[in-house]
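Protein chains in written order, with UniProt numbering: chain A, 1 to 324; chain B, 1 to 299.
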Amino acid sequence: MPATTGALERKKTESTISGTSLVLRDRGKRVKRHWQLYLLVLLPIAYLVIFKYIPMYGAQIAFRDFSPVKGITGSDWAGMKHFSTFFSSPNFWILIKNTLVISIYSLIIGFPAPILLALAINEVRSMRFKRLVQMVTFAPYFISTIVMVSMIILFLSPRLGFVDHILNVFGMESVNFMGIPNYFSSIFVWSNVWQGIGYGAVIYLAALSGINVDLYEAARVDGASRIRKVWHIDLPGIMPAATILLILNVGQIMNVGFEKIYLMQNPLNTSTSEVISTYVYKIGLLGANFSFSAAVDLFNSVINLVLLLSVNYFARRISESSLW
Amino acid sequence: MTRSNAIRESVGDKLFLTLVYAFLGLVLLVVLYPLIYIVSSSFSSPQAVISGKVWLLPVDFSLAGYRAIFSNPQITTGYANSLFYTVVGVFINVGLTVMLAYPLSRSTFYGRNVIMGFLVLTMMFSGGLIPYYLTVKNLHLLDTRWAMLLPSAMAVWQVIIARTFFQTSIPKELGEAAELDGCTDLGFLWRVVLPLSKPILAVLVLMYAVSQWNAYFEALIFLKSQNLFPLQIILRNILILNSIDSSMMVDANKMAAMQGLRDLLKFSLIVVATVPILAIYPFVQKYFVQGIMIGSLKG
């Protein structure tokens, strides 16, 4: 009797062992059968490792005193030296303030603008007008940052721009818009809206077209006005897409467009236009102060990451959509 | 149906619709006017541009700006370089994107969640400008054409869009059937998936072409040789830093005329730099909304 139970037990364990190994063997087989897929991803993965992960590893330069001879990993450790230099420098609060002003302004204006456009386009019944608006508003997406900035400079220049000509027509003095520090953030934000509104609206239009038509029918039967339809059906319908985009935007709050700001800067407006990314470029690559500038950059990235994680956390608690 | 509609159209609804059309009209005007102004100015005479006579249509039609542009060797070299970077770059971009996105879309691909996490992480955190620069430097890519192609060889967002497209629009059964018929994964990708994926390929080509044609950051930090510069860097020198090679002004002798031509040239340059990339939009437009729609929502 005991022998048989022993045998039974043995049989059981054997079967579980062979069960797991079967799964493993199956997995191995699957990998083997689809080896071509693994071959395909090799090159993209190599790209990610070289151009994304090696720089991440290299971020430790912020804690070292970089010397070109010794390389990143060979340079001497400096601890938090570069960070404390940055925190105590007079530039610190100015940079933080400029960065936050520009990015929060961008978020408040730039985030709802495409939603508004998409909701409006969605109300239009004439297909031709709809397509016209979409096509025209999408066009500025193709304009490069350089061309965009030169357009801004041309339009706002006190001698040449049409804004100036309009001012003169109304008998007003010419204004050197690009030279007035207080105007910088507005010029930046509104020109971004001009350039990105049509492109941004595409995603929301897609979300709107995915809304169940029955909802509109039901609303019509219930006698809902157009405004109520927008409020109770359209807005909730695009909420998930909007939440995701909002999270991504907030996660980028400290990364206001380096290229555009750098190009828009001139000696007259730097007091409000110098942001962390332009500062990093100037002291790092132009001034060859690698470690210090990397520390500033790293500080920036960490703040972004913390913002992203916390917004995502709140989004998950409050609504159903979040990044993960 | 129409009758009941007409009855239900209340005063409030009419007012709301009027507001919507007014808003869209305003948006249309604000977006369109600067574009028209640029194009009209570029075809006007320098004097008309400076004195502010141009407000809608070209005044004293002239091609002086365009003539000056195309006789400038810097600009033509930049143009050729940009064309090269865009064409070669888009091939690399789309290739790598499909190579990663397609396996990630297959449920039979073991480890895809790990790779997905590996990919998404790069969206949230980066090493920063200095380590990025040093990496490119250590690879000896500085001041080579590769610096414009390799560091920006693939974009995470585009991979995610493409993956979602493959996932939602290529039926799983198709893959299984092909497998039973003895079709390899690569064969299936090449002969079945890609022909079915024209919308997403069009979107990828458009997005990557725009970013390659407009790329300026890589050129700014990685390139030093004039003969490698893409058009955008040349544009920056002329349009923003205001440094125009005086040899460009051979046919304009007088100082005032030179200044006028210099201003006019900016308008023509803007047109010339934007038209090529704008020109591909009509061809991919019909795919664009479709591709973005499928791609971005389930991100």
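Using N, Cα and C, we set each Cβ at its ideal position, and we do this for glycine too.
A Cβ-Cβ contact shorter than 9 Å links B:Asn93 with B:Ala153. Taking C-beta atoms as the reference points, B:Val27 and A:Ile197 count as a pair closer than 9 Å. Scanning chain B for C-beta atoms nearer than 9 Å to the C-beta of A:Ser293 yields Gly128, Leu129 and Ile130, reported in chain order.
A Cβ-Cβ separation of about 7 Å places B:Ile115 in contact with A:Val41 under the 8 Å criterion. At a cut-off of 9 Å between C-beta atoms, A:His165 counts as an interface residue with respect to chain B. DSSP, read as helix, strand or coil, puts A:Trp231 in helix.
Residue-level contact check: B:Phe283 does not touch chain A, since none of the beta carbons of chain A fall below 9 Å from its beta carbon. Sorting B:Ser40, B:Ile160, B:Leu100 and B:Thr97 by C-alpha distance to the C-alpha of B:Tyr66 places B:Ser40 at the top. Burial is judged here by how many other beta carbons sit within 10 angstroms of a residue's own beta carbon; A:Asp234 has at least 16 and is buried. Pairing B:Val59 with B:Gly89, the inter-Cα distance amounts to about 40 Å.
A:Arg128 and B:Phe165 have their alpha carbons spaced roughly 28 Å apart. DSSP lists no beta-bridge partner residue for A:Trp35. Of all residues in the stretch 261-292 of chain A, those with a C-beta nearer than 7 Å to a C-beta of chain B are Leu263, Val280, Tyr281, Gly284, Leu285 and Phe290, reading in chain order. Secondary structure note for A:Lys130: its alpha helix (DSSP H) is the uninterrupted segment Met127 to Phe138. Taking CB atoms only, A:Gly58 has a neighbour in chain B less than 9 Å away. Rounded to the nearest angstrom, the Cβ distance from A:Phe51 to B:Thr86 is 20 Å, too far for a contact under 8 Å.
Listed in chain order, the non-local C-beta contacts of B:Leu149 below 8 Å within the same chain comprise Tyr85, Val88, Gly89 and Ile92, local neighbours out to five positions each way being set aside. Taking all protein chains shown into account, A:Asn192 has 16 or more neighbouring C-beta atoms within 10 Å of its C-beta and is therefore buried. Taking 9 Å as the cut-off, the Cβ atoms of A:Phe170 and A:Val163 do not count as close.
In chain B, no part has a C-beta under 8 Å from the C-beta of A:Ser174; the shortest such distance is about 11 Å. For B:Met154, the C-beta contacts it makes with chain A under 7 Å involve Pro44 and Tyr47, in order along the chain. Using beta-carbon distances, A:Ser103 does not count as an interface residue toward chain B, since no partner is under 9 Å. Remark: C-beta atoms of B:Gly127 and A:Pro55 approach each other more closely than 9 Å.
When rounded, the separation of the alpha-carbon atoms in B:Ile270 and B:Gly78 is 14 Å. Beta-bridge analysis with DSSP links B:Asp185 to no other residue. For A:Pro158, the closest Cβ of chain B is not nearer than 9 Å.
With respect to chain A, the C-beta atom of B:Pro103 has a partner C-beta closer than 9 Å. DSSP places A:Ser88 inside the alpha helix (DSSP H), whose first and last residues are Lys81 to Ser88.
Against B:Asn214, the close residues of chain A are Phe142, Ile143, Ser144, Thr145, Ile146 and Val147, in the order they occur along the chain (beta-carbon pairs closer than 9 Å).
Taking CB atoms only, A:Asp65 has no neighbour in chain B less than 9 Å away. Not one beta carbon of chain B lies nearer than 9 Å to the beta carbon of A:Trp231.
A:His165: member of the alpha helix (DSSP H) spanning Phe162 to Val169, first to last residue. Taking the Cβ atoms as the reference, A:Gln195 lies roughly 14 Å from A:Ile261, outside the contact range of under 8 Å.
Of all alpha-carbon atoms in A:Ser84, A:Trp190, A:Gly71 and A:Ala224, the one lying nearest the alpha-carbon of A:Ala295 is that of A:Ser84.
With a 10 Å radius around the Cβ and a threshold of 16 neighbouring Cβ atoms, A:Thr243 comes out buried. Interface flag for B:Val27 against chain A is set, since a Cβ pair is found closer than 9 Å.
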